[in-house]
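See structure below.
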Amino acid sequence: MIDSMGIDYAMIWAGLIAFAVLAYIILDGFDLGIGILFPFIKNKTDQETAMNSVAPIWDGNETWLVLGGGGLFAVFPLAYSVIMPALYMPIILMLLGLIFRGVAFEFHWRTKNSQDWWDRGFFLGSLVATLCQGIALGALVQGITVADRAYAGGWWDWLTPFSITTGIALVVGYVLLGATWLNMKTTDGLQKQSVQFAKIAAWLTLFFIGIISLWMIFIEQQYLHRWFDAPNVYYLMVVPVAVLFCGFKLLYGLHKSREVSPFLYAIALFVLSYIGLLISFYPNLVPPSISIWQAAAPDDSLKFLLVGASALLPIIIGYTSYAYWVFRGKVKANEAYH
Amino acid sequence: MELLDAVLLARIQFAFTITFHIIFPGLSIGLAAYLTVLEGLWLKTGKPVYLATFKYWLKIFSIIFGMGVVSGVVMSYQFGTNWSVFSDKTGPVLGPLMGYEVLSAFFLEAGFLGVMLFGMNKVGKGLHFFATLMVSLGTLMSAFWILSVNSWMQTPAGYEINEAGQFVVANWFDVIFNPSFPYRLAHMTTAAFLSTAFLVGGVGAWHLYKARKQGERNEVARLMFSMAMWMAALVAPVQLVIGDLHGLNTLEHQPAKVAAMEGNYQTQKGAPLYLFGMPNSETETVDYAIKIPKAASFILTHDPDGKLVGLDQFPKDEWPNVPIVFWSFRIMVAIGMGMIAIGLWSLYLRARKKLYDTPLLLRVAIVFAPSGIIATVAGWFVTEVGRQPYTVYGLLKTVDSASPLDAPAVAASLLAFIIVYLIVFGTGVWYTMRLMSKRPSPVIEVDDDSQTTVFLSNRVATTSEGKIKEGDQ
Numbered sequence: 002m003i004d005s006m007g008i009d010y011a012m013i014w015a016g017l018i019a020f021a022v023l024a025y026i027i028l029d030g031f032d033l034g035i036g037i038l039f040p041f042i043k044n045k046t047d048q049e050t051a052m053n054s055v056a057p058i059w060d061g062n063e064t065w066l067v068l069g070g071g072g073l074f075a076v077f078p079l080a081y082s083v084i085m086p087a088l089y090m091p092i093i094l095m096l097l098g099l100i101f102r103g104v105a106f107e108f109h110w111r112t113k114n115s116q117d118w119w120d121r122g123f124f125l126g127s128l129v130a131t132l133c134q135g136i137a138l139g140a141l142v143q144g145i146t147v148a149d150r151a152y153a154g155g156w157w158d159w160l161t162p163f164s165i166t167t168g169i170a171l172v173v174g175y176v177l178l179g180a181t182w183l184n185m186k187t188t189d190g191l192q193k194q195s196v197q198f199a200k201i202a203a204w205l206t207l208f209f210i211g212i213i214s215l216w217m218i219f220i221e222q223q224y225l226h227r228w229f230d231a232p233n234v235y236y237l238m239v240v241p242v243a244v245l246f247c248g249f250k251l252l253y254g255l256h257k258s259r260e261v262s263p264f265l266y267a268i269a270l271f272v273l274s275y276i277g278l279l280i281s282f283y284p285n286l287v288p289p290s291i292s293i294w295q296a297a298a299p300d301d302s303l304k305f306l307l308v309g310a311s312a313l314l315p316i317i318i319g320y321t322s323y324a325y326w327v328f329r330g331k332v333k334a335n336e337a338y339h
Numbered sequence: 010m011e012l013l014d015a016v017l018l019a020r021i022q023f024a025f026t027i028t029f030h031i032i033f034p035g036l037s038i039g040l041a042a043y044l045t046v047l048e049g050l051w052l053k054t055g056k057p058v059y060l061a062t063f064k065y066w067l068k069i070f071s072i073i074f075g076m077g078v079v080s081g082v083v084m085s086y087q088f089g090t091n092w093s094v095f096s097d098k099t100g101p102v103l104g105p106l107m108g109y110e111v112l113s114a115f116f117l118e119a120g121f122l123g124v125m126l127f128g129m130n131k132v133g134k135g136l137h138f139f140a141t142l143m144v145s146l147g148t149l150m151s152a153f154w155i156l157s158v159n160s161w162m163q164t165p166a167g168y169e170i171n172e173a174g175q176f177v178v179a180n181w182f183d184v185i186f187n188p189s190f191p192y193r194l195a196h197m198t199t200a201a202f203l204s205t206a207f208l209v210g211g212v213g214a215w216h217l218y219k220a221r222k223q224g225e226r227n228e229v230a231r232l233m234f235s236m237a238m239w240m241a242a243l244v245a246p247v248q249l250v251i252g253d254l255h256g257l258n259t260l261e262h263q264p265a266k267v268a269a270m271e272g273n274y275q276t277q278k279g280a281p282l283y284l285f286g287m288p289n290s291e292t293e294t295v296d297y298a299i300k301i302p303k304a305a306s307f308i309l310t311h312d313p314d315g316k317l318v319g320l321d322q323f324p325k326d327e328w329p330n331v332p333i334v335f336w337s338f339r340i341m342v343a344i345g346m347g348m349i350a351i352g353l354w355s356l357y358l359r360a361r362k363k364l365y366d367t368p369l370l371l372r373v374a375i376v377f378a379p380s381g382i383i384a385t386v387a388g389w390f391v392t393e394v395g396r397q398p399y400t401v402y403g404l405l406k407t408v409d410s411a412s413p414l415d416a417p418a419v420a421a422s423l424l425a426f427i428i429v430y431l432i433v434f435g436t437g438v439w440y441t442m443r444l445m446s447k448r449p450s451p452v453i454e455v456d457d458d459s460q461t462t463v464f465l466s467n468r469v470a471t472t473s474e475g476k477i478k479e480g481d482q
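Protein chains in written order, with the numbering used here: chain L, 2 to 339; chain S, 10 to 482.
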């Protein structure tokens with residue numbers, strides 16, 4: 002667990018995987034959100050502008066999902082081999098959704114006659130993928146039955162009122178990210194429409210954050226004690242207060258027609274909710290029974306990959322930022338290579 | 010029995026999803042390298058024909074790459090969903106290798122792909138070339154890591170087994186550079202280059218064939234065809250040598266696989282080479298055989314009377330499916346021989362300045378357009394079916410690797426994958442073929458002031474495309 006140098010590699014990796022998953026949620030969140038908004042955007046040119054605003058970057062965004070999954074396999078193989086069968090159906094459906102969403106970026110431009118079908122695929126793929134991610138998260142929060150290093154629950158354990166609620170909440174949240182992104186990246190009619198979407202999504206997101214936070218307390222004793230036992234309660238209250246502050250700044254920014262700040266405050270809401278989840282989960286990786294250290298691969302494996310990750314992650318963040326920088330500013334219609 | 014059925018379904022699911030998947034990254038490796046070469050030549054010479062060819066294949070590349078990404082994400086989760094016991098046991102060894110693949114390859118490709126596809130007017134020429142180069146490098150790094158993973162499963166090395174029954178690492182170098190890895194890496198990357206070359210050559214031949222009928226000269230199609238035929242002439246023979254070395258390595262580490270490839274049921278000296286036949290594992294004979302005496306021994310031991318281990322040295326319940334391995338191997342080798350023949354033929358015609366004007370070669374090249382892809386898939390069938398019944402060769406059996414899933418759950422997901430893959434990738438291949446059937450815009454070679462020509466040829470390309478799009482059914 003803690004080696005002779007006093008370094009806890011499992012804990013470092015838990016932090017890195019948590020970072021990768023958060024990066025995924027935020028980055029792919031806004032482009033999945035745009036997929037969900039797609040059919041509600043009024044005219045075709047605006048739809049295509051919305052799609053083009055993420056076309057150069059969606060692939061990079063989705064790579065964080067592969068890092069999350071691949072990373073879990075690499076450093077927490079036990080968690081990976083328990084979570085995947087437990088969440089079998091939502092994960093398969095998510096993958097199928099991501100297939101339709103991903104190819105739509107190309108196929109949309111390759112046909113006129115069946116374009117509507119791929120646009121539907123873009124919308125439904127994004128919606129299903131998001132819903133399934135939210136459901137998977139909810140199912141994880143509820144806890145996974147484990148016996149003898151393997152999943153020991155039933156095939157429908159993941160489907161509960163709570164997980165459905167987290168699924169819907171994530172859809173609303175991704176729509177908020179997508180709408181505030183479009184508000185930042187586009188102009189005129191599309192921008193105005195995005196602000197409308199964002200306002201509705203902002204209220205709903207805050208509503209769902211509240212509901213789910215309260216609901217969680219009743220699901221698992223650990224969550225209740227973590228948040229409300231003294232002295233935790235005094236300093237953990239910072240999180241809900243910060244959520245309220247960001248929610249207020251988000252709505253205020255939208256009201257004042259700010260372009261960048263609503264997107265940043267929407268991200269902040271995601272970061273805070275995520276921190277809230279981590280606080281509830283710790284020290285478990287798979288609630289209620291597998292801890293970070295139980296799930297971890299041997300230190301040798303953790304160290305070997307950590308060397309690469311410490312060298313490569315800064316470079317990755319560097320050139321990813323560069324790619325965003327190249328495509329900075331407002332997106333214009335018909336600007337793509339197609 | 011029910012568990013066995015679930016395992017069989019999971020195997021079919023893996024075979025189905027990976028067979029689709031390997032086609033796309035295989036072509037992405039080749040096309041990314043091809044695009045890098047084209048853009049480099051354009052920057053160096055300024056000749057518009059290179060840019061026109063680059064733009065032609067860039068669109069095709071973007072569809073193929075996209076399909077590779079989405080089918081690849083499925084693969085990265087498939088280990089956990091259907092093969093969770095395998096994941097738990099091999100995670101400490103294979104996980105970090107895949108982690109390196111994500112960090113050093115996937116991010117690199119994805120990060121620079123946007124600039125490569127959409128950034129031509131946003132960054133300078135040099136930076137754009139750099140982006141193309143990085144995408145290409147990413148595809149190769151990805152091949153490096155994933156083939157290391159696969160090779161370790163075939164020829165495990167550098168590991169120990171801990172008290173939880175997991176494979177753990179004793180020596181990382183031995184794990185990564187396990188005995189079959191260098192051969193498999195060389196064989197597969199060369200296969201990717203050849204597959205792409207024959208695809209490009211087939212498309213070039215198709216347009217040359219049509220241009221010939223209309224009595225016009227198409228520089229872009231000539232460039233595609235010429236470059237592809239150079240690859241056939243120079244690289245296909247190299248692949249034969251690599252393949253032979255890879256086979257010898259397999260003979261050393263997985264003799265049962267080689268015995269299945271050769272249809273060699275009995276251990277014998279001076280084993281024959283079967284050109285054709287129906288391996289029959291019931292009677293342990295090759296029926297309807299056409300064979301060359303002693304040739305298999307000669308190829309594998311370099312001695313006509315050399316002794317070859319047959320399947321009789323292995324328990325029958327550990328035999329791979331002999332007919333599949335036997336036939337996949339023959340398909341792969343036959344295509345490889347055909348490629349070499351085409352390469353030699355093209356050299357002869359090139360020397361006589363008839364490369365572009367021999368309708369028979371053009372027709373053969375068109376037929377051979379998908380040959381590399383077929384050979385690649387056949388090759389993977391040889392190596393993957395041939396290492397059964399193991400996932401980690403000799404150590405972990407396939408039946409002991411699967412998730413504790415019920416057959417209906419696996420059957421349902423398998424059905425969903427089949428339907429979605431046929432729709433999505435069927436359509437994707439159709440769109441790719443439609444792009445490949447579009448006539449490349451004829452480019453007029455101008456030495457000075459090439460910029461104007463490039464500009465003009467772009468506009469020609471745009472308008473001709475617009476017309477085709479309107480008429481598209």
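In this text, a Cβ means the ideal position worked out from N, Cα and C, and glycines have one as well.
8 angstroms contact criterion, which residue i and residue j should meet: CB distance rounded
i, j, result
"S/I308", "S/I344", "S/I308 to S/I344, Cβ: 18 angstroms. No contact."
"S/P483", "S/V229", "In this structure chain S extends from 10 to 482, so residue 483 of chain S is not present and cannot be described."
"S/V78", "L/G103", "6 angstroms"
"L/A105", "L/D120", "7 angstroms"
"L/A21", "L/G61", "13 angstroms between Cβ atoms; not a contact."
Option nearest residue i by Cα separation, candidates the options
i, options, result
"S/V247", "S/G128, S/L40, S/T198", "S/T198"
"S/A268", "S/T164, S/S306, S/N187, S/S189", "S/S306"
"L/I318", "L/I210, L/L28, L/V142, L/R259", "L/L28"
"L/L183", "L/V55, L/V83, L/P232", "L/V55"
"S/K303", "S/Y297, S/G315, S/T292, S/E293", "S/G315"
"L/G330", "L/I291, L/A312, L/V261", "L/V261"
"S/F323", "S/R20, S/M150, S/G403", "S/G403"
"L/D149", "S/P188, S/N289, S/P57, S/S93", "S/S93"
"L/V176", "L/Y253, L/I93, L/F264", "L/F264"
"S/A173", "S/G437, S/F95, S/F74, S/P368", "S/F95"
"L/P289", "L/Y152, L/I136, L/K257, L/V239", "L/Y152"
"S/L136", "L/V327, L/K333, L/V332", "L/V327"
Distance CB(residue i)-CB(residue j) smaller than 9 angstroms
i, j, result
"S/K300", "S/L282", "yes"
"S/V394", "S/I32", "no"
"S/F116", "S/P379", "no"
"S/T164", "S/W389", "no"
"S/F176", "S/K98", "yes"
"S/P398", "S/D296", "no"
"L/G139", "S/G89", "no"
"S/F121", "S/A140", "yes"
"L/C247", "L/Y266", "yes"
"S/K406", "S/P329", "no"
Residue range of the alpha helix (DSSP H) that includes residue i
i, result
"S/V78", "57–91"
"S/V267", "264–271"
"S/E169", "First-last for S/E169: 168–170, but that is the beta strand (DSSP E), not the alpha helix (DSSP H)."
"S/Y357", "331–360"
"L/V308", "300–327"
"L/V234", "233–237"
"S/V429", "416–446"
"L/N53", "45–53"
Where the beta strand (DSSP E) through residue i begins and ends
i, result
"S/D296", "294–301"
"S/P288", "282–289"
"S/V401", "399–401"
Neighbour flag for residue i against chain B, beta carbons, 9 angstroms
i, result
"S/G120", "Any reference to chain B falls outside this structure, whose protein chains are L and S."
I'd like the ranges of any alpha helix (DSSP H) spanning at least 4 consecutive residues and lying wholly in the stretch 66–122 of chain L.
Counting whole runs of 4 or more residues, the stretch 66–122 of chain L contains the alpha helix (DSSP H) stretches 78–87, 89–108.
Enumerate, from N- to C-terminal direction, the unbroken alpha helix (DSSP H) stretches of 4 or more residues contained entirely within the stretch 241–294 of chain L.
Complete alpha helix (DSSP H) runs here, min 4: 262–282.
My parser needs the alpha helix (DSSP H) runs of 4 or more residues fully inside the stretch 121–203 of chain S; what are they?
Correct list: 134–163, 181–185.
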